[in-house]
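First residue of the sequence shown: 1095, per the numbering used here; consecutive thereafter. Notes follow once the structure below has been shown.
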Amino acid sequence: MILTTTTSLSCALISICIWIALFGRRRPGKLPPGPKGYPLVGNALQLRDRPWHTFVKWKKQYGDIVYFRLFNQDAIVLNSAKVASDLLDRRGSNYSERLRMPVVEHSNGGLNMVFMNPGAT
């Protein structure tokens, strides 16, 4: 009886993990084009040796802005100086927000200048 219960629970847990890896996280709508990654590892296997060569290939295939995933982390590569300047200099206020850290906010009452967003008062 114990063996069948353990086996059943193990199979259920493995099935849930596989389901989440394959279907749990879909690509949000407005992201740049990019290569489709593998479950769990994303595009990490394609970036082993010399990632800059891979980025050049992706630029030819997908354009100057390429979206990909490394494990569970989203990443975007800007493959030209013009695009980088446009996004980071001209529209920098759209991308300059820092990660919100509830623990830090709670510990200091939100009064720590180091973790403030640019322009926050």
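All C-beta atoms, glycine included, are put in the ideal place defined by N, C-alpha and C.
Under 8 Å between C-beta atoms of residue i and residue j
{"i": "W1152", "j": "P1129", "result": "yes"}
{"i": "L1172", "j": "D1183", "result": "no"}
{"i": "P1126", "j": "V1160", "result": "yes"}
{"i": "Y1132", "j": "L1139", "result": "yes"}
Spatial distance of residue i from residue j (CA atoms)
{"i": "R1144", "j": "I1110", "result": "34 Å"}
{"i": "R1163", "j": "A1169", "result": "6 Å"}
{"i": "L1134", "j": "I1108", "result": "14 Å"}
{"i": "H1147", "j": "H1200", "result": "44 Å"}
{"i": "G1186", "j": "A1175", "result": "15 Å"}
{"i": "P1196", "j": "T1098", "result": "43 Å"}
{"i": "A1115", "j": "N1188", "result": "31 Å"}
{"i": "Y1156", "j": "L1181", "result": "18 Å"}
{"i": "S1179", "j": "V1150", "result": "18 Å"}
{"i": "A1106", "j": "K1154", "result": "43 Å"}
{"i": "S1104", "j": "Q1167", "result": "27 Å"}
Reduced DSSP secondary structure (H/G/I, E/B, other) of residue i
{"i": "R1163", "result": "strand"}
{"i": "D1183", "result": "helix"}
{"i": "V1177", "result": "helix"}
{"i": "V1089", "result": "Nothing about residue 1089 can be reported from this structure: the residues present for the chain run from 1095 to 1215 only."}
{"i": "L1141", "result": "helix"}
{"i": "L1125", "result": "coil"}
Whole-number beta carbon distance between residue j and residue i, since they are thought to touch under 8 Å
{"i": "E1123", "j": "F1165", "result": "Residue identity check: residue 1123 is Gly in the sequence provided, not Glu. The Cβ separation is near 22 Å, so there is no contact."}
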